[in-house]
Amino acid sequence: MSIFFPDLMVKDIYSLPLEDLKKRGIRCLLFDVDNTIVPYNSQGLTEETIDWFRIPKEHGFLMSILSNNSDERVFPVAEKIGIPFIARAKKPLSDGAKRAMEMLEVTPEETAMVGDQLITDVLGGNCMGFYTIVVQPINKNEFWGTRINRKLEKIIYAFMKLRKRK
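If you're matching positions, the sequence shown starts at 39 in the numbering used here and goes up one per residue.
Below is the structure:
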């Protein structure tokens, strides 16, 4: 069950502890798109989000979007924030993550996966040996497959709470 547990839980991308990540040896941040950077099925990037992506760049982080969505969905977001992307990543499988690491020339130990889902982002990142960070979803509007995953996530979060009590 711990394969689904993130290394860190934060409210949103703006809450990422960039200095702490640097101290851990993290050089690369991989981001999910839907409900992590923008609301599901929206191109609605805020100026705040666009501006925020300059901060990790200034700290020397390499970044990429790693999404199961199509190129058509991911490209406009990646272009606006000025980072590369891997679409149709097949998370939690390793195909897309390996391509992202190759593209950015980083190792798993230098990489953090940031996303809103335990079953795709965290599971995939943990299987790769990444530092995994889960954020709260931006909103409740989601793909039907994600809604199914959320039901399973409730069980996983319950196990996480039980484990913390011990």
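The C-beta atom is built at its ideal place from N, Cα and C for all residues, glycine as well.
Bear in mind the structure is a predicted one, so any value in this text is a computation, not a measurement.
- Considered as a whole, the segment 130-166 harbours 149-153 as its complete beta strand (DSSP E) runs of no fewer than 3 residues, in chain order.
- Cβ neighbours of Pro175 within its own chain (closer than 7 Å, five residues either side excluded): Asn73 and Asp154.
- Judged by DSSP secondary structure, Leu56 falls within the alpha helix (DSSP H) whose first and last residues are Leu56 to Lys61.
- The count of Cβ pairs closer than 8 Å, one atom from the segment 135-145 and one from the segment 106-119, stays below three, leaving the stretches out of contact.
- A straight-line Cα-Cα distance of about 21 Å links Ile157 and Arg111.
- According to the DSSP assignment, Ile93 belongs to no beta strand (DSSP E) but to the alpha helix (DSSP H) extending over Arg92 to Glu96.
- Straight through space, the alpha carbons of Met166 and Arg65 are spaced by roughly 15 Å.
- In this structure, Ser105 sits near Val71, with a CB-CB distance shorter than 7 Å.
- Our two residues, Gln81 and Ile186, have alpha carbons roughly 24 Å apart in a direct line.
- DSSP places Phe69 in the uninterrupted beta strand (DSSP E) bounded by Cys66 to Phe69.
- Rounded to the nearest angstrom, the gap between the Cα atoms of Pro122 and Met101 is 7 Å.
- DSSP places Val112 in the uninterrupted alpha helix (DSSP H) bounded by Asp109 to Ile119.
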